[in-house]
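Novice: Here it is: the structure, laid out below.
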Amino acid sequence: MSFLSNTLSRVKPSPTIAMTAKTAELKAAGRDVIGLSAGEPDFDTPQNIKDAAVAAIAAGKTKYTAPDGIPELKQAVCAKMKRDHGLEYTPGQVSVGTGGKQTLYNALMATLNDGDEVIIPAPYWVSYPDMVLLAGGTPVVVETSLDTKFKLTADQLEAAITPKTKWLIFNSPSNPTGAGYSREELKALTDVLMRHPHVWVMTDDMYEHLAYDGFEFCTPAEIEPGLYDRTLTCNGVSKAYAMTGWRIGYAAGPVELIAAMRKIQSQSTSNPCSISQWAAVEALNGTQDFLAPNNVVFKRRRDLVIEMLSQIDGLTCPTPEGAFYVYPSIDGLIGKTSPKGTVIDTDEAFANALLNEADVAVVFGAAFGLSPNFRVSYATSDEALKTACARIQDFCASLT
Ligand SMILES: Cc1ncc(COP(=O)(O)O)c(C=O)c1O
C-alpha cells in the first residue's frame, strides 16, 4: 500500500510548470531553446509598486497579518470592485491569498463534498480540474470548439448542469486561448445560471486588464446582479502588474464563503507575505498608467505571432481578445512525420518534437483538455518571438 494519499494519486503535477522547468534545464545544458511556455509577463514590476514594498520593509511591516489580508488591501480590493465593475463589497467579503491560485484552491476546499460537480469549460487553465479533484469534487469538463473561438455556449452550459452541480468555473480572457467573452456572450451564460439557483459561479478574472482591439472586459456579477449572492470573483496582481513572484491574489464574494476560506488559510499558510500585500495596495490604488503601454506591446506581439503562425499549412490560429496566449490547432498536421522520425500523432508528440528538434518550448493542448492544439505564450521579446515562429514554420514545413 502506498504511503501517499489516495487523493494525490488522482492528481497530476502542473504540465506548464514542468515544461518551463524542462526549458530551463535544456538552456542550462547549453541548448539555444526559446521558451514560449511560461505564463508570466517579461516586464518588470512597476517602480512605484517596488517602492511601496521597500517602504513597507523600512516601516517594519514585516510581521504576521490577519490570515486573509491586511485591512488596507481588502479596502483597496473593495475600491477596485466599485471603480471597475460598479460592485459594492465590504472588507468582510474579501479574501487575500498567496496568489490567485490559493484563493481558488481555498474556495474549492471550502465548498466541495464528495460527488459535487464543477463545470469546467475546456480548454481550461491546467490547475482547475486537479484542484477540484484535490478538494474531493468531480470535474465536469465541457469541450468548446474552434467554431465558437473556444467559448462555452448557453446550450452547452444548460446541458452540463445536473442536481449535483455546485460551481461553474469561468475564465475570461482565458488561459490558454486568450478568448474573451463579450457582454452578450456572458449574458447568455448568466441567463442559464439564473434558471439554476443551486449553481454558483467562480469567475477567474486574472487577465482582466490584458485586452486588445477595444475588447471590453466584463465579469458575471456586473452583468447579472441576481448572481451577486452566488458569485466568487477571483483576481490578482500577478499578470497585469507583472507581479507573479510576489504571490498576491484576491477574491470577493459572500461573507459566509469568505469566512470558510479564511478558516482554511488560517490552518494552512496563514497570511500572504506582509510586504507583498503592501505592494499590492499600491498596485490597486496607485497609477494604472503603465497598463495601456504594456497592452500596446502585447497586442503587437499577438499580431506578430498570429501572422507568422497563420502562414503555416495545417495550422489554424484564431485571433484572441486578450491575455498573452494563442492556441493554434494542429489538426492538419496530425499523422505527419518529423525529419528525425517522430510521428505527430498527438499534440504532445508535436510539442516534444518541436522542443527536441527545433528548440522551441510550447505546451501541448492535452494539458488544457482540448486537442490537437498547443499554447504559445507571447509574453516574451519580439525578437525571440520572431525567431521562435520562424523555427515553428520551418519545423512544420519539414513534416512529411
Ligand atoms: C487563469 C489563471 N488563473 C489563476 C492563475 C494563478 O495566478 P497566481 O500566479 O496569482 O497564483 C493563473 C496563472 O497562470 C492563470 O493563468
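Residue numbering for the sequence shown follows my numbering, starting at 138 and increasing by one per position. Ideal Cβ positions, reconstructed from N, Cα and C, are used throughout, including at glycine. If you're wondering where the values come from, they're calculated on a predicted model, not measured in any experiment.
Whole angstroms is fine: what's the gap from E177's alpha carbon to A396's?
Specialist: The residue labelled residue 177 in the question sits at position 40 within the sequence shown. The residue labelled residue 396 in the question sits at position 259 within the sequence shown. Cα to Cα, E177 sits roughly 30 Å from A396.
Novice: Roughly how many angstroms separate the alpha carbons of G373 and R168, rounded to a whole number?
Specialist: Within the sequence shown, the letter at position 236 stands for residue 373. Within the sequence shown, the letter at position 31 stands for residue 168. Cα to Cα, the separation comes out at about 34 Å.
Novice: For ligand 1, is there a heavy atom less than 8 Å away from the beta-carbon of W304?
Specialist: Residue 304 sits at position 167 when you count from the first residue of the sequence shown. Incorrect: W304 has no Cβ contact closer than 8 Å to ligand 1.
Novice: Helix, strand or coil for R512 per DSSP?
Specialist: Within the sequence shown, the letter at position 375 stands for residue 512. Note: R512 maps to strand in three-state DSSP.
Novice: Assign Q458 to one of three DSSP states: helix, strand, or coil.
Specialist: The count along the sequence shown starts at 1 and reaches residue 458 at position 321. Residue identity differs from the one stated: residue 458 is Glu in this sequence, not Gln. In this structure, E458 counts as coil in the three-state DSSP scheme.
Novice: Alpha helix (DSSP H) containing T157: first to last residue?
Specialist: Residue numbering aside, residue 157 sits at position 20 when the sequence shown is read from its first letter. Start and end: 152-165.
Novice: Closer than 8 Å to a non-hydrogen atom of ligand 1 - does that hold for the CB of N308?
Specialist: Stepping through the sequence shown from its first residue, residue 308 is reached at position 171. Correct: N308 has its Cβ closer than 8 Å to ligand 1.
Novice: Specify the secondary structure class of I207 as computed by DSSP and reduced to three states.
Specialist: Position 70 of the sequence shown, counted from the start, is the residue given in the question as residue 207. Three-state DSSP puts I207 in coil, outside helix and strand.
Novice: Is S319 near ligand 1, judged by its Cβ being under 8 Å from some heavy atom?
Specialist: Here residue 319 refers to the residue found at position 182 of the sequence shown. Outside the cutoff, so no.
Novice: If you run the structure through DSSP and keep just helix, strand and coil, what is Y387?
Specialist: Within the sequence shown, the letter at position 250 stands for residue 387. Reduced to three states, the DSSP call for Y387 is strand.
Novice: Can you list every residue whose CB sits closer than 6 Å to some heavy atom of ligand 1, going in chain order?
Specialist: In chain order, the qualifying residues are G176, G236, G237, K238, W262, N308, N312, D341, M343, G373, S375, T381, G386.
Novice: Quick one: what does DSSP say I360 is sitting in, helix, strand or coil?
Specialist: Residue numbering aside, residue 360 sits at position 223 when the sequence shown is read from its first letter. It is helical.
Novice: Per DSSP, S232 is paired with what?
Specialist: The residue given as residue 232 occupies position 95 in the sequence shown. The partner list for S232 (beta bridge, DSSP) reads A388.
Novice: Tell me whether the region 151-166 and the region 498-508 touch, counting them as touching only if at least three CB pairs, one residue from each stretch, are closer than 8 Å.
Specialist: As far as the Cβ criterion goes, the region 151-166 touches the region 498-508, which means the pair count is three or higher.
Novice: Would you mind sorting Q402 into buried or exposed? The rule is 16 or more other CB atoms within 10 Å of its CB.
Specialist: Stepping through the sequence shown from its first residue, residue 402 is reached at position 265. When all chains shown are included, Q402 counts as buried.
Novice: Kindly give me the distance between the Cβ atoms of P457 and L283, rounded to whole angstroms, as I take these residues to be in contact under 8 Å.
Specialist: Locating residue 457 in the sequence shown gives position 320, where the first residue counts as 1. Locating residue 283 in the sequence shown gives position 146, where the first residue counts as 1. Rounded, the Cβ-Cβ distance is 12 Å, inconsistent with contact.
Novice: When DSSP builds the beta bridges, which residues end up paired with F307?
Specialist: One-based indexing of the sequence shown puts residue 307 at position 170. Partner(s): T340.
Novice: In the DSSP assignment, what residue or residues form a beta bridge with V277?
Specialist: Position 140 of the sequence shown, counting from 1, holds the residue named residue 277. I256, per the DSSP bridge assignment.
Novice: Check whether the Cβ atoms of M380 and A417 lie closer than 9 Å to each other.
Specialist: By one-based count along the sequence shown, residue 380 stands at place 243. By one-based count along the sequence shown, residue 417 stands at place 280. Cβ distance < 9 Å, so M380 and A417 count as in contact.
Novice: For L369, report the span of its beta strand (DSSP E) as first-last.
Specialist: For this step, residue 369 is matched to residue 232 along the sequence shown. Looking at the DSSP string, the run of the beta strand (DSSP E) that includes L369 is 368-373.
Novice: Closer than 8 Å by C-beta to E494: which residues in its own chain qualify, once you throw out the five before and the five after it? Chain order, please.
Specialist: Looking up residue 494 in the sequence shown gives position 357. If we look at E494 and ignore the five residues flanking it on each side, its Cβ neighbours are S475, P476, K477, T479, F532.
Novice: Using C-beta distances below 7 Å, list every residue in its chain close to F180, excluding the 5 sequence neighbours before and after it, in chain order.
Specialist: One-based indexing of the sequence shown puts residue 180 at position 43. Cβ within range, chain order: A379, N431.
Novice: Considering just the uninterrupted stretch of the alpha helix (DSSP H) at W539, what are its terminal residues?
Specialist: Given that the chain is displayed from residue 138 to residue 537, the structure contains no residue 539 and the question cannot be resolved.
Novice: Taking only the alpha-carbon atoms, compute the straight-line gap between A325 and A247 and give it to the nearest angstrom.
Specialist: Stepping through the sequence shown from its first residue, residue 325 is reached at position 188. Stepping through the sequence shown from its first residue, residue 247 is reached at position 110. Near 28 Å, if we compare the C-alpha coordinates of A247 and A325.
Novice: When the distance is taken between beta carbons, is L369 closer than 9 Å to L210?
Specialist: Here residue 210 refers to the residue found at position 73 of the sequence shown. Here residue 369 refers to the residue found at position 232 of the sequence shown. It is not a contact, given that the beta carbons lie outside the stated cut-off.
Novice: Could you check which residue in A460, V442, E444, S466 has the C-alpha nearest to that of T453?
Specialist: Indexing the sequence shown from 1 puts residue 453 at position 316. Looking at the Cα atoms, S466 is the closest of the given residues.
Novice: Nearest by alpha-carbon distance to V463: which of S311, D267, K288, T227 is it?
Specialist: One-based indexing of the sequence shown puts residue 463 at position 326. When each option's Cα is compared against that of V463, the closest is S311.
Novice: Where are the alpha helix (DSSP H) runs, 4 residues long or more, that stay fully inside the region 181-206, in chain order?
Specialist: Entirely contained in the region 181-206, the alpha helix (DSSP H) runs reaching 4 residues are, in chain order, 184-195.
Novice: Give the DSSP-derived three-state secondary structure of A316 in the structure shown.
Specialist: Numbered from 1 along the sequence shown, position 179 holds the residue referred to as residue 316. Looking at A316 - three-state DSSP - the assignment turns out to be coil, as it is neither helix nor strand.
Novice: Span of the alpha helix (DSSP H) holding K523?
Specialist: By 1-based counting over the sequence shown, the position of residue 523 is 386. Counting along the chain, the alpha helix (DSSP H) containing K523 begins and ends at 519-534.
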